[in-house]
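> Sharing a structure with you now.
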Amino acid sequence: MLRLLLHIWLIALIGFAYGDVSPVIQSEHARPCAHHNSSKGCKQGNGLSANPQPRIFEGISDFFEGLFGGSDERCILPDVEEQLRYQVADCSTERLPSLRLQFGPADCELSSPIPSAPSCSKQCGAGEYLSWSRGGGNFACKQCPAGKFSVGGGERYQRWPQSLPPQFETTCYSLDPDHFADAQQVWLEKVNCDPWQVGRNGSMLSSGDNRRYNYVESYLILHLKFVRKGSLWFRFMVDAEDHADGLLFRIDHVNQPLDPSGSVFVSQILEPQRAEFAVEPGWHVFKWVYYKDMSVTYGKDRVELWEVGFNGTEWADTSCSSCPEGFSSVAGSSRCSSCEEGTVFDQTSQRCLSCNLTTHYALPGFSKCELRPPCRPDDYVERYTQCNSETNTRDKWYVWTEPKICRGQLLPPNVTGLPCPPCSVGKVLVQGKCSFCSPGYFADPASSQCLPCGPGSEAPLFQVMTDFSTWPEQMTTGCRGECGTAGWRSQGSFLEAGRDHYDATVWLRLDVVLVEVGSLQFGFSLACRGNDVSFVVEVDGKNLVDLCAGGGAAASSWSVSLSTGSHAIRWLYIQRSSLAGTDLHTARILNISLSGVAQGGALHCLPCPAGFFSTGLQTNCLACPEGFSSPPGATGCSLCEEGKFAPYPGSSTCFQCGANAVSGAGSAECSADCRVSWSEEEAVYDFAPLRTRLDGVTPMTYEDRDGEKQLVFLSLCAPLPLNSSCVQGMEALDHPRHSYSCSVNPEDTEDDSASQLERSGGAKDLGSTLSFLPLPKFLRARGFSKGLTIGLFNGDECEGGGGGGASKTWSTELHIVCNASKGVGVPTFLYELSSAEPCTMHVLWESQHGCPLCTDGDYKAMGGACVNGLQDISYFRKTECFAGVPMPPPEYGSSCIKQVAKVLPSWVLLLIVVAVVAVVGIIVYIACLYYRYRNMYEKYQKLVLSDRDVEHRDFDSEIIAEEG
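22 is the number of the first residue of the sequence shown in our numbering; add one for each residue after it.
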C-alpha cells in the first residue's frame with residue numbers, strides 16, 4: 022500500500038514538474054486529477070512488473086499511451102491499474118473520441134484524445150454504447166448490460182426528476198381580462214396560469230393544473246442540436262374539453278399531426294399514445310402547448326407526457342443509462358419496462374426483486390413495495406355453481422378480488438344447497454340452465470315460459486347484464502397513473518372502479534356489434550366530490566357525458582342511442598387526488614342493457630311502429646318499402662295513392678305532393694321537372710342549368726337568429742343526394758334524408774372523430790315537399806315581375822315559430838327572379854325577413870335562368886330606311902326572356918314592300934287590309950251611284966226637253982190658230 026501511495030505521489034509530483042496542456046474533463050461528482058507524469062525509461066517487458074524501470078510520461082496523452090499502448094511499453098503498476106476505470110468520453114476539438122479515466126472510487130478523473138481513434142461519426146444503435154477495448158486498443162459498439170438502456174445517441178426520459186432536465190424550459194401565459202375586448206389583446210406571463218410540472222412520483226410531466234383558469238397557454242420548450250438525422254418521440258395523453266381545449270405540438274414553429282387522421286389539435290387521447298417525428302441535422306425548437314379557452318373545465322384539463330426521447334443529438338451513446346425506479350431491462354435494451362406485479366426494481370442488483378408478499382404488495386411500475394391494508398368484505402366476491410335441475414339448488418363459495426392487495430381475514434365458509442335465483446331478464450330456466458327464448462318469443466317472468474309474439478308485433482333482442490359474479494367475456498379493464506388496483510373489479514352484483522387510487526384513470530371497455538339501430542342503458546351509483554372525481558362515458562372515442570358534473574347520484578341510469586355496426590363503449594373513472602377517509606368505492610355499475618344486438622333475449626312483445634309490419638314470430642318488424650306506408654301495429658303495408666309519395670323505407674304516412682308536382686301510385690317522390698310550364702304567364706321556365714350550383718352537396722353558410730353559423734344544403738327539383746351531413750335518422754349511410762333543404766352545424770361536418778349518429782342528430786330538415794309558386798308581393802314591389810318561387814315545406818318542427826304555443830315546421834322559399842344581366846347569378850339569403858318569418862329561410866337568386874324561355878312573340882323586327890325599294894331588318898327582345906327560341910338573324914337588302922309584314926304587327930296589317938277594302942268599296946259604291954244618277958239625270962233631261970217640245974208645238978198651234 023505504501024508503494025502504491027508513493028507511486029501516485031511520484032506521478033503527481035512529476036506532473037507538476039513537466040506540466041500538461043491536454044484538456045481536463047471534470048465529472049459532476051469527482052475532482053480533477055493532477056497532471057500525471059510518470060517515469061521514462063521503463064525496462065522492456067510486459068509492463069506489469071512490480072519493479073518497472075523509471076520512465077517519465079510527457080503529459081496525459083503519454084500517460085494514456087503508457088497505460089493502453091503495447092504491452093511492452095506499459096509502466097503502470099498492476100495495483101494502480103486495477104484502481105483505474107475508463108470509458109469513451111465526449112469528442113475532442115480534433116473531432117476524435119477521447120477516453121475518460123477515473124482512479125479509485127471516482128476520486129478523480131481525467132481525459133485525453135486518443136490519436137489512433139476513429140472519427141466521431143462512428144454510430145452505435147439503440148441498446149448499444151461506444152466502448153474502448155483495452156486489449157485490442159480500438160473502439161467498438163457493445164450491448165448495454167441488464168438494468169440499463171441506450172437510445173443510440175440521445176436521451177430517453179421515462180421517470181422525471183423533481184426539477185426539469187436542463188434541456189427543457191417551461192412557461193405559461195394568460196389573457197389579461199382587463200384587455201379582453203381590445204383589438205390588441207395583452208397576454209400575461211406566469212399570471213393566472215400554471216406552467217408544466219413534474220408529477221408527484223416523477224412518472225410523468227403534466228401541463229399544470231389550469232382547471233381554475235381561462236384563456237391559458239402553457240408551454241414546454243426543448244432546444245436540441247442534431248448532429249445527424251434522428252427522431253424525437255413522446256407518449257402522451259390529453260383529457261380536456263373536446264374541440265375547445267387541447268394539445269398542439271410544434272417543431273420549429275410548425276404544428277405537427279398528433280393522431281392518425283392528421284389532426285394537429287387533440288383534446289381526447291385517454292390512453293397513452295405514441296407520436297414520433299423525423300428530425301434533420303441542426304438546431305431545432307420543440308414546443309408542447311396546452312391551450313385552454315374560457316368555456317368549461319372538463320376532465321383532468323391537462324396534457325400528460327409519460328415519456329420523451331430523442332436520438333441523433335450524438336453519433337453514439339458513450340454510456341448506458343440506468344433504468345429508473347420500478348423499471349428493469351434485459352441486455353441490449355433501448356428502453357426499460359416496469360417490473361411485474363409483486364416485484365420492484367432493485368438498483369443495486371439491477372433486477373426486479375419480489376416483495377414480502379405476506380405484508381406488502383406492488384403493482385406493475387411501483388417503485389417500492391407498499392404495505393397491505395386490512396382486508397374488508399368488498400375485497401372478496403361470491404361465486405356460485407350451476408343450478409341443479411333436479412333439486413333447483415346451487416352452492417356458493419368466495420374468492421379474493423384480483424389483484425389481492427389486502428392482508429388478514431379468512432374467506433367466509435362455503436354454503437351449499439341454496440335455492441336457485443330466478444333467471445336474469447330475458448331468460449327462462451331450461452333443464453336447470455337459464456337460456457334465451459327462440460326468436461319471435463319472449464321470456465314471460467310471470468309464468469317463467471317463452472311466449473310467442475303475434476302478427477303486428479315484434480320480440481326485439483336485448484343483452485342484459487345484472488350478474489357480475491364472473492367477469493363478462495366481452496369486457497376489458499385497466500388503469501393508468503398512480504393506481505391502487507389494476508382496473509375495475511367484479512363484485513358479484515355490480516362492477517366497481519377499484520380503490521386506493523391517487524391520480525389515476527380507471528377504464529372499463531365493452532365492445533359490441535349491433536345489427537340494427539339500438540341503444541345502451543346502464544344503472545350506476547356515484548359519490549362525486551367537487552372537481553376531484555369524474556365519471557365519463559365514451560362511445561367510439563367521443564366523450565358523451567361526465568356523470569359527476571351534477572354532483573353524482575346514489576343510484577341512477579343513463580342511456581344513449583347507437584347506430585348499426587361496431588362500437589367501443591368505455592367508462593372512465595378519473596380520480597385526481599387521494600380520497601383517504603372517504604368511501605373509496607365511488608363508482609359502481611349496477612346493470613347494463615343493450616338493444617339492437619344479434620344475440621340475446623326478448624323481454625316483451627312490442628307493436629310494430631308506424632311504417633313497419635310483422636306477420637308474427639319475428640324479432641324485428643320489417644320496414645315498408647318506398648311508396649308504401651303503414652299505421653302502428655300493422656300486418657302489411659298500403660300503396661300510396663296518385664298525388665302522394667312515401668320517400669323512404671319505413672314511411673309512417675304517404676305525403677301529399679306540392680303545387681305543380683305530380684306522382685303515380687306507389688311513388689317514392691313527386692316528379693317536378695326543372696322545366697316548368699307556368700300557365701298564369703303562359704310562359705315556360707327552365708331551371709335545370711342551376712342544378713349544378715345547388716347540387717345538395719356543396720353547402721351555403723347561413724347565420725341564424727342566435728348568431729350561430731349553419732351549413733345549408735339545397736337541391737333543385739330533386740331530393741338531396743346521399744351524403745354524410747343530411748341523413749335520415751340513424752341509418753346514416755343507407756338512407757339519405759328525404760329533404761330538399763337541410764342545415765347542419767359546421768363543427769359536425771369538420772369533426773372526423775364524431776360518429777355518424779352525432780352528425781345525423783345535428784341535421785335539420787328545412788323542407789321535404791316541393792311546390793312551384795308565383796313570386797311574393799314583396800319581390801314584385803321591388804320590381805321583379807318575372808320568375809318563380811320554389812317552395813319547400815313540411816320540414817322539422819320549428820321551436821317558437823308558431824306563436825301562441827302553436828307548432829310550426831321549417832320551410833325554405835327559393836325565389837328565382839329574372840335578371841339577364843346577372844348571368845347565372847349567386848343565391849343569397851334574405852336575412853331581413855328572418856325576424857318576421859323565423860321558421861322560413863328565404864333565398865333570392867337573380868339569374869338569367871329566372872327569365873321565361875323566349876318565344877317568337879318575344880322578338881320585334883325594326884326596318885331601316887328604304888333605299889331604292891330595299892331596306893335592312895334587325896330584331897330585338899321586346900320582353901325579358903332567356904334561351905328558348907333564338908332571336909332571328911338580321912336581314913340585309915330586303916324589299917321594303919315585302920318586309921312590311923315583318924315590320925308591322927299582323928293586326929295592323931289586317932286593319933290596313935280592312936281599311937283598303939272599305940275604301941275601295943266606298944269608291945265603287947260612289948261610282949255606282951254616280952253612274953246611276955247620271956243616267957237618271959240624262960233621262961230626266963230628255964224628258965224635260967221632250968216636254969218643252971210639246972209645249973212649244975202647242976204654243977205655236979195656239980198662235981197660228983189665233984192668227985188664223
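Note that CB positions come from ideal geometry on N, CA and C, so glycine has one too.
(1) Got a sec? Which residues, its chain only, sit under 6 Å from A71 by beta carbon, not counting five neighbours each side?
(2) In angstroms with no decimal places, state the Cα-to-Cα distance between S388 and G429.
(3) What do you get for H244, buried or exposed, if any count of 16 or more other CB atoms within 10 angstroms of its CB means buried?
(4) Within this structure, are the beta carbons of V838 and E820 separated by less than 8 Å?
(5) Would the beta-carbon of S239 fall within 8 Å of that of W217?
(6) What are the start and end residues of the beta strand (DSSP E) that includes K425?
(7) With distances taken between CB atoms, is the gap from A464 to T640 smaller than 8 Å?
(8) Could you check what DSSP says for T713 in three-state terms: helix, strand or coil?
(9) Roughly how far, in whole angstroms, is the beta-carbon of K313 from the beta-carbon of N377, given that I think they are within contact range, below 8 Å?
(10) Just to confirm my understanding: we take V965, look at its own chain, exclude 5 residues before and 5 after, and list those with CB closer than 6 Å. What are they?
(11) Indicate the three-state DSSP secondary structure (helix, strand or coil) for P911 in the structure shown.
(12) Could you check the C-alpha separation between L950 and E702 for me, to the nearest Å?
(13) With a 10 Å radius around its C-beta and 16 neighbouring C-beta atoms as the bar for buried, classify T339 as buried or exposed.
(14) Can you list, in chain order, the residues of its chain with a C-beta nearer than 8 Å to that of G5? Leave out the 5 residues immediately preceding and following it.
(15) Can you give the Cα-Cα distance for G303 and G175, rounded to whole angstroms?
(16) Measuring CB atoms only, is the region 164–178 touching the region 345–354, in the sense that at least three cross pairs come out at less than 8 Å?
(17) Kindly indicate which residue of R356, G330, E325, F307 has the alpha-carbon position closest to the one of E149.
(18) Report all residues from its chain with a CB closer than 6 Å to the CB of P293; omit the five preceding and five following residues, and keep chain order.
(19) Buried or exposed: W592, going by 16 or more other Cβ atoms within 10 Å of its Cβ?
(20) Which residues mark the beginning and the end of the alpha helix (DSSP H) in which K448 is found?
(21) Indicate the three-state DSSP secondary structure (helix, strand or coil) for V934 in the structure shown.
(22) Please go through the same chain and pick out, in chain order, the residues whose beta-carbon is closer than 8 Å to the beta-carbon of S692, but skip the five residues on each side of it.
(23) Below 6 Å CB to CB, which residues in the same chain sit around A644 once its five sequence neighbours on both sides are set aside?
(24) Going along the chain, which residues of its own chain have a beta-carbon closer than 6 Å to the beta-carbon of A147, five neighbours each way excluded?
(25) So S650 and C642 are in contact, right, with Cβ under 8 Å, and what is the actual spacing, rounded?
(26) Where in the region 244–318 do unbroken runs of the beta strand (DSSP E), each at least 3 residues long, occur, reported from the N-terminal end onward?
(27) Any idea if L241 is buried or exposed, counting beta-carbon neighbours within 10 angstroms, 16 or more meaning buried?
(28) Determine the direct distance from the alpha carbon of R249 to that of E335, and round the result to whole angstroms.
(29) Report the rounded CA-to-CA distance for S774 versus V536, giving the unit in angstroms.
(30) Would you say G621 and G447 are within 8 Å of each other, going by their C-beta atoms?
(31) Could you name the residues of the same chain whose beta carbon sits closer than 8 Å to that of S832, not counting the 5 residues immediately before and after it, in chain order?
(32) Could you give the DSSP three-state label for R953: helix, strand or coil?
(33) In three-state terms, what does DSSP make of E771?
(34) So if DSSP puts P473 in a beta bridge, which residue, or which two residues, is it bridged to?
(35) Smallest Cα separation from Y462: which of L472, H522, F676, Y954?
(36) Could you give the residue range of the beta strand (DSSP E) that holds R696?
According to the data block:
(1) Taking the sequence shown and counting its residues from 1, one reaches residue 71 at position 50. Because A71 carries a pLDDT of 37, less than 50, the predicted location of this residue cannot be relied on, and no value is offered for it.
(2) For the purposes of this step, residue 388 is identified with residue 367 of the sequence shown, where counting begins at 1. For the purposes of this step, residue 429 is identified with residue 408 of the sequence shown, where counting begins at 1. For S388 and G429, the distance between alpha carbons rounds to 24 Å.
(3) Within the sequence shown, the letter at position 223 stands for residue 244. When all chains shown are included, H244 counts as exposed.
(4) On the sequence shown, position 817 is the one that residue 838 refers to. On the sequence shown, position 799 is the one that residue 820 refers to. Against a cut-off of 8 Å, the Cβ pair of E820 and V838 comes out as no contact.
(5) In the sequence shown, the residue the question calls residue 239 occupies position 218. In the sequence shown, the residue the question calls residue 217 occupies position 196. Against a cut-off of 8 Å, the Cβ pair of W217 and S239 comes out as a contact.
(6) Sequence index remark: in the sequence shown, residue 425 carries index 404 (1-based). Per DSSP, K425 belongs to no beta strand (DSSP E) and is neither H nor E.
(7) Walking along the sequence shown from the start, residue 464 turns up at place 443. Walking along the sequence shown from the start, residue 640 turns up at place 619. Against a cut-off of 8 Å, the Cβ pair of T640 and A464 comes out as no contact.
(8) Taking the first residue of the sequence shown as 1, we reach residue 713 at position 692. If DSSP states are grouped into helix, strand and coil, T713 belongs with the helices.
(9) Along the sequence shown, read from residue 1 onward, the residue named residue 313 stands at position 292. Along the sequence shown, read from residue 1 onward, the residue named residue 377 stands at position 356. Between N377 and K313 the Cβ distance is about 45 Å, and since that is not below 8 Å, they are no contact.
(10) Stepping through the sequence shown from its first residue, residue 965 is reached at position 944. Excluding residues within five positions, none has a Cβ falling inside 6 Å.
(11) Against the sequence shown, residue 911 aligns to sequence position 890. The answer is coil: DSSP assigns P911 none of H, G, I, E or B.
(12) As a working note, residue 950 is residue 929 in the sequence shown. As a working note, residue 702 is residue 681 in the sequence shown. Their backbone Cα atoms lie some 53 Å apart in a straight line.
(13) Reading the sequence shown from its first residue, position 318 is the one you call residue 339. Buried, by the Cβ-count rule.
(14) Outside the shown range of the chain, which is 22 to 985, sits residue 5, and nothing can be said about it.
(15) One-based indexing of the sequence shown puts residue 303 at position 282. One-based indexing of the sequence shown puts residue 175 at position 154. Approximately 14 Å, taken between the alpha carbons.
(16) yes
(17) What you label residue 149 is simply residue 128 of the sequence shown in a count that begins at 1. Among R356, G330, E325, F307, the Cα nearest to that of E149 belongs to R356.
(18) Counting from one through the sequence shown, the residue named residue 293 turns up at place 272. The answer, listed in chain order, is R256, M258, W327.
(19) Looking up residue 592 in the sequence shown gives position 571. W592 should be labelled buried.
(20) Position 427 of the sequence shown, counted from the first residue, corresponds to residue 448. Note, K448: premise wrong, no alpha helix (DSSP H); beta strand (DSSP E) at 448–451.
(21) One-based indexing of the sequence shown puts residue 934 at position 913. Helix.
(22) Residue 692 sits at position 671 when you count from the first residue of the sequence shown. Correct list, in chain order: A682, V683, S684.
(23) For the purposes of this step, residue 644 is identified with residue 623 of the sequence shown, where counting begins at 1. F633, P670, G671.
(24) Counting from 1 along the sequence shown, the entry for residue 147 is found at position 126. Around A147: V172, G173, S355.
(25) Within the sequence shown, the letter at position 629 stands for residue 650. Within the sequence shown, the letter at position 621 stands for residue 642. Contact doesn't hold; Cβ gap of about 14 Å is too wide.
(26) 251–260, 267–272, 289–300, 303–313
(27) Residue mapping note: residue 241 aligns to position 220 of the sequence shown, counting from 1. Buried, because 16 or more other Cβ atoms sit within 10 Å of the Cβ of L241.
(28) Locating residue 335 in the sequence shown gives position 314, counting from the first residue. Locating residue 249 in the sequence shown gives position 228, counting from the first residue. Distance between the alpha carbons of E335 and R249 is about 8 Å.
(29) What you label residue 774 is simply residue 753 of the sequence shown in a count that begins at 1. What you label residue 536 is simply residue 515 of the sequence shown in a count that begins at 1. Low confidence applies here, because S774 scores a pLDDT of 39, under 50, leaving its location unreliable; read the following figure in that light. Computed Cα separation, rounded: 22 Å.
(30) As a first step, residue 621 is located in the sequence shown; it is residue number 600 there, counting from the start. As a first step, residue 447 is located in the sequence shown; it is residue number 426 there, counting from the start. In this structure, G447 lies closer than 8 Å to G621 by Cβ.
(31) Along the sequence shown, one-based indexing puts residue 832 at 811. Contacts found: L787, G788, G812, L813, F814, N815, G816, C860, T861, M862.
(32) Reading the sequence shown from its first residue, position 932 is the one you call residue 953. Helix, per DSSP.
(33) Position 750 of the sequence shown holds residue 771. Bear in mind that the predicted position of E771 carries a pLDDT of just 47, short of 50, making it too unreliable to give a figure here.
(34) Taking the sequence shown and counting its residues from 1, the one referred to as residue 473 is at position 452. P473 is bridged to Y462.
(35) Taking the sequence shown and counting its residues from 1, the one referred to as residue 462 is at position 441. Measuring from the Cα of Y462, the nearest candidate turns out to be L472.
(36) In the sequence shown, residue 696 corresponds to position 675, counting from 1. R696 -> beta strand (DSSP E) spans 696–699.
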